[in-house]
């Protein structure tokens, strides 16, 4: 069977969910979450370069790409209006511990883990 993008794309791109409710005053971590997708190849390389340069560059790069990699969240502006991805990213960057949690869990996701063994197996 052939690969059909509009049927298989959601499963082809890896994602990670980060729960952070208690950091923002909710009762449980599951009360607030964000789902992030893996970066495209060029951005992944830029992320690695930013990481090598230091924390300031890494934070700056991630702040720029964060709105583009958010695929789902449960943060609302009002009771019925969801926050825009750009507003979610700005909110995350308002709290240092929240920023650290999001970046830390994203960076430790499986799509950043190199394959085991010398031959990639």
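In the working numbering, the protein residues as written are 582 to 702. Even for Gly, the Cβ is constructed at its ideal location relative to N, Cα and C.
Are residue i and residue j closer than 8 Å when you measure CB to CB?
i: residue 639; j: residue 632; result: yes
i: residue 628; j: residue 620; result: yes
i: residue 599; j: residue 683; result: yes
In whole angstroms, give me the CA-to-CA distance for residue i and residue j.
i: residue 666; j: residue 594; result: 19 Å
i: residue 608; j: residue 602; result: 7 Å
i: residue 625; j: residue 658; result: 30 Å
Just to check my reading of the structure: residue i and residue j have Cβ atoms closer than 8 Å, yes? What is that Cβ distance to the nearest angstrom?
i: residue 604; j: residue 679; result: 5 Å
i: residue 674; j: residue 644; result: 6 Å
Looking at the structure shown, is residue i part of a helix, part of a strand, or coil, going by DSSP?
i: residue 656; result: coil
i: residue 673; result: helix
i: residue 617; result: strand
i: residue 594; result: coil
According to DSSP, which residues form a beta bridge with residue i?
i: residue 605; result: Answer is none; residue 605 lacks a bridge partner.
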